[in-house]
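Using our numbering, the first residue of the sequence shown is number 274, and each one after it goes up by one.
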Amino acid sequence: MLDVIYDGQCRFCKRSLDRVERLARRPLLRLHDANDREMIRARFPMLADADTDHAMFVVTSRGEVFRGFFAYRRMLWESRRLYAFLPLFYAPGAALVGPWIYAWVARNRRHFGCSLDAARSCGVASPGATLRKGLAGGVSVLLMGATVAPLAQNWRAAPKDSFPFSYYPMFSQARKGRYVVTYLVGLDRNGARHTLSHELAGNGGFNQTRRQINKLVRDGKADALCRFVAGEVARAEQALHEEDPITAVQVVTGTFRLAEYFGGNKTPAAERVRAACPVAHDAELAGAEP
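Below is the structure:
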């Protein structure tokens, strides 16, 4: 059997421990009131300095001590009838979220019920306040569960990702089947297309430059952007002595079907040329920054 040191003035705590034994259908626990300090120090010297006001403790026959969330988890190993609850305590992230939930319940345990002879120290809340706190706690548990649950995908052979339950929550966003993006295209003298780097349009990172390109197009400055990029292309190719240089630059807005794109078909479903301009290789290089 396990020795359990808990707040004996908390009816809610007592009911929860009784429920564990009812589910196991046999006695599992020896209960000790943490408010009896002298008894606790005498029988459990290892808990003499423990914070028994804010957590329950379980002590095994071998002297192992478990606190709070981990104390409940240890109880479940005492009966095969309780094994069904173990996945909740060992789920990915449970060791982080579980103690937080337990701490919240422990702080509010006396609002859920306590012994009448200790009513002055219990601070029993009104039924309305108890209901509000219970609802708030339930919503918190659901939100935390929704946040942590997708982590289980990391242990699957073929992870499934979806919105909003994404195991990449930083990038989680509902997306349609199509995506529209504006990009830079270069044409050589044979008419072959070449995708130009975003670095020709700005010296920031990819996302920063992409936003700048989108803003210039929205503001009607696609022609100025095109001329600037053409100047950058001419300067770069002159320095590299390209044998088959880019002769024209286009600012293009393309629509892509995501399923086809990630399946290997990079051809856009539709394109719109926003601006086009020649690249002056032999003339004076000019390009005003938009």
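Every residue gets a Cβ at the ideal spot worked out from N, C-alpha and C, and that includes glycine.
Here the structure is a predicted model, which is why all the values come from computation and not from measurement.
Residue i (DSSP reduced to helix, strand or coil)
i, result
"residue 360", "helix"
"residue 431", "coil"
"residue 561", "Note that residue 561 has pLDDT 46, beneath the 50 cutoff, so the model's placement of it is unreliable and no number is given."
"residue 420", "helix"
"residue 394", "Only weak support exists for where residue 394 lies, its pLDDT of 48 falling under 50; the value from the coordinates is given anyway. Reduced to three states, the DSSP call for residue 394 is helix."
"residue 389", "For residue 389, the pLDDT reaches just 42, beneath the cut-off of 50, and the residue's location in the model is therefore unreliable, leaving the point undetermined."
"residue 461", "strand"
"residue 556", "Note that residue 556 has pLDDT 48, beneath the 50 cutoff, so the model's placement of it is unreliable and the number below is only indicative. It is coil, neither helix nor strand."
Opposing strand residues paired with residue i [DSSP bridges]
i, result
"residue 456", "525"
"residue 339", "331"
"residue 277", "304 and 331"
"residue 530", "451"
"residue 486", "According to DSSP, residue 486 bridges with nothing at all."
Selection from the options that minimises the alpha carbon distance to residue i
i, options, result
"residue 299", "349, 490, 457 and 421", "349"
"residue 464", "488, 518 and 417", "518"
"residue 522", "458, 541 and 497", "458"
"residue 533", "291, 541 and 277", "541"
"residue 406", "338, 381, 466 and 335", "381"
"residue 525", "531, 553, 511 and 469", "469"
"residue 461", "448, 452 and 506", "506"
"residue 449", "530, 413 and 427", "530"
"residue 453", "509, 476 and 528", "528"
"residue 370", "408, 332 and 341", "341"
"residue 356", "315, 297 and 311", "297"
"residue 336", "451, 276 and 368", "276"
"residue 554", "538, 520 and 544", "520"
"residue 383", "363, 327, 364 and 338", "327"
"residue 354", "537, 301, 503 and 511", "301"
"residue 329", "433, 379 and 365", "379"
"residue 351", "365, 333 and 366", "333"
"residue 489", "455, 476, 285 and 510", "455"
"residue 429", "365, 502, 325 and 480", "365"
Range covered by the alpha helix (DSSP H) that runs through residue i
i, result
"residue 326", "Where residue 326 is concerned, there is no enclosing alpha helix (DSSP H), given that its DSSP letter is neither H nor E."
"residue 314", "310–316"
"residue 304", "That residue, residue 304, is in no alpha helix (DSSP H); its beta strand (DSSP E) goes 302–306."
"residue 371", "367–380"
Start and end residues, beta strand (DSSP E) containing residue i
i, result
"residue 468", "466–468"
"residue 294", "Looking at the DSSP string, residue 294 is not in any beta strand (DSSP E); the run it does join, the alpha helix (DSSP H), is 284–297."
"residue 549", "543–551"
beta-carbon residue i near the ligand MN non-hydrogen atom, thresh 6 angstroms
i, result
"residue 511", "Ligands in the displayed structure: none, and consequently the ligand MN is not present."
Can we say the region 402–422 touches the region 374–383, given the rule of at least three CB pairs closer than 8 angstroms?
Contact between the region 402–422 and the region 374–383 is established, with three or more Cβ pairs separated by less than 8 angstroms.
Three or more C-beta pairs below 8 angstroms linking the region 543–551 and the region 481–498
Per the Cβ contact rule, the region 543–551 is in contact with the region 481–498 (3 or more Cβ pairs under 8 angstroms).
Should the region 343–358 be called in touch with the region 278–298, which here means at least 3 C-beta pairs below 8 angstroms?
Inter-segment contact for the region 343–358 and the region 278–298 is present: three or more beta-carbon pairs are separated by less than 8 angstroms.
Counting pairs of Cβ atoms below 8 angstroms between the region 301–312 and the region 279–289, do you hit three or more?
Enough Cβ pairs lie closer than 8 angstroms, so yes.
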